[in-house]
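Asks: Below is one structure. I have some questions about it.
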Amino acid sequence: MPELPEVETTRSGIEPHIKSRQVTEVLVRQPRLRWPVPADLPAHVQGQVVESVTRRGKYLLLNFGNGTVLLHLGMSGSLRMVAASQPAGKHDHIDFIFDSGTCLRLKDPRRFGAVLWAGPDPLNHKLLINLGPEPLSDSFTGEYLRKRAIGRAVAVKNFIMNGRTVVGVGNIYANEALFAAGISPTRSAGKISLKRYLLLAAAIKRILAEAISRGGTTLKDFVGGDGEPGYFKQQLNVYGRAGQGCVNCGAILKEKRLLDRSTVYCGFCQR
DNA sequence: ACGAAGCCCTGCAAGC
DNA sequence: TGCTTGCAGGGCTTCG
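Here the first sequence is numbered in the numbering used here, starting from 280 and rising by one per residue.
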């Protein structure tokens, strides 16, 4: 599934192909995504020129002179640049066709993604306005986490997966970052020391930054073909390894469900 | 205000 | 082989 590194790699992959290009047509084959694609979205976008492609959390923003398209890939979404003449596959729900003859095509089999029209002030859109800091920004620190966690009983894994705390930390990276920081995923957020939050913030930054830098080489082909950009196959120490040995101590990794999400951890290395 | 459950959806794997 | 069943999960929304 697209995690923040994949979304950022998608952003940097598509921007050169659509920036300064004019949209000639928007085709919505399947409007039933996470929310219905607004019926007037094509009318807003057609004829407009892409000024930039930016990202906020896992949302992609196609910025036009008259407003912004918010785009979320959900669990199974992907974007590719294809020739507008290329036949659409079963789950190719939306095309943005450009004056260059190329087409930005959204494929999303499970339809957990979203495509919305946000108007000219997208950061104040209700989906974005309450989002926490970007994990790779200077405002995301261990001190910040500790401060926000005061008095919170929620499990720390759920705390860091909450977009109001910090954006872009999905289930896989939450598992991996907590392992790297030696913190039990079930520990109450309010009962973790500043020292350990410093480790956790650093782990989140390091893991995401590594994935993004690797994405630049492993996921760069957004053009042509009828495939789709494959997501990173990265080194995972705990996620998907329940029942196997801890890479640190060899103990059998345990699995629990937190908020109905698979949670894998080492009962010895994580406290 | 907080925390947890519910919900949207379909590809895939496992079981019969 | 072909069906049925269960599972996966981002994150907004609702409920207690």
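Heads up, the beta-carbon is just placed ideally off N, CA and C, and yes, glycines get one too.
#1: Would you list the residues sitting across from M280 in a DSSP beta bridge?
#2: Using a Cβ-Cβ cutoff of less than 8 angstroms, which residues in the same chain neighbour R536 once the five nearest sequence positions on both sides are dropped?
#3: Pick out whichever of G421, R384, W396 has its Cα sitting closest to the Cα of L349.
#4: Which partner residues of L320 appear in the DSSP bridge assignment?
#5: Got a sec? Which residues, its chain only, sit under 6 angstroms from N450 by beta carbon, not counting five neighbours each side?
#6: Verify whether the separation of the beta carbon atoms of A456 and L477 is less than 8 angstroms.
#7: Under 8 angstroms by Cβ, that's how I've got I376 and E304 pegged, so tell me the actual separation to the nearest angstrom.
#8: Could you please give the first and the last residue of the uninterrupted beta strand (DSSP E) stretch that includes I373?
#9: Let me make sure I understand the geometry here. Which of A322, S331, L306 has the alpha-carbon closest to that of G292?
#10: The beta strand (DSSP E) with L349 in it runs from where to where?
#11: Taking F419 as the reference, give the member of V446, Y544, M360 with the closest Cα.
#12: Between which two residues does the beta strand (DSSP E) harbouring N403 extend?
#13: Let me know if M440 comes out buried or exposed under the rule of 16 or more other beta-carbons within 10 Å of its beta-carbon.
#14: Look at the Cβ atom of A530, then the Cβ atom of G524, and state whether they are nearer than 8 angstroms.
#15: Give the DSSP-derived three-state secondary structure of I408 in the structure shown.
#16: Measure the CB-CB distance between M354 and L383 and report whether it falls below 8 angstroms.
#17: CB I471 to CB A428, shorter than 8 angstroms?
#18: For N409, count the other beta carbons within 10 Å of its own beta carbon; 16 or more makes it buried, fewer makes it exposed. Which is it?
#19: Just mark L473 as buried or exposed, buried being the case when its beta carbon has 16 or more other beta carbons within 10 Å.
#20: What residue from G519, A490, F547 has the CA that sits closest to E287's CA?
#21: Within the region 435 to 499, note down every full alpha helix (DSSP H) run reaching 4 residues or more, in order along the chain.
Replies: Reading off the structure:
#1: Indexing the first sequence from 1 puts residue 280 at position 1. According to DSSP, which records beta bridges pairwise, M280 is partnered with nothing at all.
#2: Numbered from its first residue, the first sequence carries residue 536 at position 257. T542, listed in sequence order.
#3: Position 70 of the first sequence, counted from the start, is the residue given in the question as residue 349. Selected option, being the one with the closest Cα: W396.
#4: The count along the first sequence starts at 1 and reaches residue 320 at position 41. For L320, which the question treats as bridged, DSSP gives no partner whatsoever.
#5: Within the first sequence, the letter at position 171 stands for residue 450. So the qualifying residues of the chain are R540.
#6: Numbered from its first residue, the first sequence carries residue 456 at position 177. Numbered from its first residue, the first sequence carries residue 477 at position 198. No.
#7: For the purposes of this step, residue 376 is identified with residue 97 of the first sequence, where counting begins at 1. For the purposes of this step, residue 304 is identified with residue 25 of the first sequence, where counting begins at 1. I376 to E304, Cβ: 4 angstroms. Contact.
#8: Start at 1 with the first residue of the first sequence, and residue 373 comes out as number 94. I373 -> beta strand (DSSP E) spans 371 to 377.
#9: For the purposes of this step, residue 292 is taken as the residue at position 13 of the first sequence. Answer by Cα proximity: S331.
#10: Taking the first residue of the first sequence as position 1, residue 349 is located at position 70. Run containing L349: 346 to 351, per the beta strand (DSSP E) assignment.
#11: For the purposes of this step, residue 419 is taken as residue 140 along the first sequence, with counting starting at 1. Among V446, Y544, M360, the Cα nearest to that of F419 is on V446.
#12: The sequence position of residue 403 within the first sequence is 124, counting from 1. Where N403 is concerned, there is no enclosing beta strand (DSSP E), given that its DSSP letter is neither H nor E.
#13: Residue 440 sits at position 161 when you count from the first residue of the first sequence. So M440 counts as buried.
#14: Working through the first sequence from its first residue, we reach residue 530 at position 251. Working through the first sequence from its first residue, we reach residue 524 at position 245. Yes, the pair counts as a contact, with Cβ atoms nearer than the cut-off.
#15: The residue you call residue 408 lines up with position 129 of the first sequence. It is coil, neither helix nor strand.
#16: The residue you call residue 354 lines up with position 75 of the first sequence. The residue you call residue 383 lines up with position 104 of the first sequence. No. Outside cutoff.
#17: For the purposes of this step, residue 471 is taken as the residue at position 192 of the first sequence. For the purposes of this step, residue 428 is taken as the residue at position 149 of the first sequence. Yes, Cβ-Cβ distance for I471 and A428 is below 8 angstroms.
#18: Taking the first residue of the first sequence as position 1, residue 409 is located at position 130. It counts as exposed.
#19: In the first sequence, residue 473 corresponds to position 194, counting from 1. With fewer than 16 Cβ atoms within 10 Å of its Cβ, L473 is classed as exposed.
#20: The residue you call residue 287 lines up with position 8 of the first sequence. Measuring from the Cα of E287, the nearest candidate turns out to be A490.
#21: 435 to 440, 450 to 460, 473 to 497
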